[in-house]
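Working notes, structure below.
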Amino acid sequence: MTTAKKAVVRLGFKTGEFVVYPSHGVGQITAIEEQEVAGFKLELFVVSFAKDKMTLRVPTAKAASVGLRKLADGEIVGKALTTLTGRARVKRTMWSRRAQEYEAKINSGDLVAIAEVVRDLYRSEAQPEQSYSERQLYEAAIDRMTREIAAVDEITETEALKKIETQLAKSPRRTGKADAVEGDADSEGDNDDLQEEAA
């Protein structure tokens, strides 16, 4: 007979539970432990990110301030998936500035904000190639979104990705001169930093 480990609960989080750490995405609380640091006892959430082969120790007292949160509920997942079907909102600013905004949204841990990045950077087969930096941000955003939806719906990441791609396929097709101009600016994305500094 195996002895089931009793889940430890702190601040509404329990061991074994999947959580979201804003700058790393979905992880699992594997333990809540005490460590002594400089003579002080510190209670820590041990959060494991299996896919990244990484473990974080987050002081329980700082959990809220670092943005550690429970997985999104069904309503927020629905809102994020609906966001994907909307029209892309691409600002006409320097790529370097837009890239910073996209990165901030990805690292916010907010599923709907991450969905906006996926929507804005998505390219169908018929559209021009993305620049390397655009592709990197798109991959980071879709990966975060896929992992959280998979954890919430208790499905595989492959199934979650299919769900996301199905929604993206419903988004309005982006064609026309405005997008071509936007695409041209993006293809030179890596040079924008130099231009911005000169300005």
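First residue of the sequence shown? That's 2 in my numbering, and the numbers climb one at a time after it.
Positions of the beta carbon are idealized from the N, C-alpha and C atoms, including for glycine.
Just so we're clear, the structure is a prediction, and the values are computed from it rather than from any experiment.
Go through its chain and collect everything with a Cβ distance to residue i's Cβ below 7 Å, but skip five positions before and after it.
i	result
E34	L45, V47
K178	Reliability of the predicted coordinates at K178 is poor, the pLDDT of 37 falling under 50, and no value is obtained from them.
K80	V113
R70	V20, V21, G110
K106	A114, I115, E117, V118
A100	S134, L138
Excluding the 5 residues flanking residue i on each side, which residues of the same chain have their C-beta closer than 6 Å to its C-beta?
i	result
G26	R145, R148
Y103	V118, L138
L169	L85, Y123
Could you check how far apart the C-beta atoms of residue i and residue j are, in whole angstroms? I think they sit under 8 Å.
i	j	result
I30	V20	6 Å
F50	G28	4 Å
L85	A152	L85 to A152, Cβ: 18 Å. No contact.
L112	I77	6 Å
R88	P173	5 Å
K164	L82	7 Å
Under the criterion of a Cβ to heavy atom distance below 7 Å, does residue i qualify as lining the ligand ZN?
i	result
A39	As far as ligands go, the structure on display features none, and thus does not contain the ligand ZN.
Identify every residue that forms a DSSP beta bridge with residue i.
i	result
S49	Q29, T56
E18	None, per the DSSP bridge assignment.
Sorted by chain position, which residues of the same chain lie with C-beta nearer than 8 Å to residue i's C-beta, five sequence neighbours on each side aside?
i	result
D185	Residue confidence is low: D185 scores 39 on pLDDT, short of 50, so the model does not pin down where it sits. No coordinate-derived value is stated.
V67	Y22, P23, V59
L12	T61, A64, A65
Check your understanding: Do the region 109 to 126 and the region 136 to 149 touch if we need at least three Cβ pairs shorter than 8 Å?
Key -> When Cβ pairs closer than 8 Å are counted between the two stretches, the region 109 to 126 is seen to touch the region 136 to 149, the count reaching three or more.
Check your understanding: Which whole runs of the alpha helix (DSSP H) in the region 57 to 91 are 4 residues long or more, in chain order?
Key -> Listed in chain order, the complete alpha helix (DSSP H) runs (minimum 4 residues) inside the region 57 to 91 are 75 to 85.
Point to revise | Length-filtered (4 minimum) alpha helix (DSSP H) runs lying within the region 96 to 179 | key: Counting only runs of 4 or more, we get 96 to 109, 112 to 122, 133 to 154, 158 to 170.
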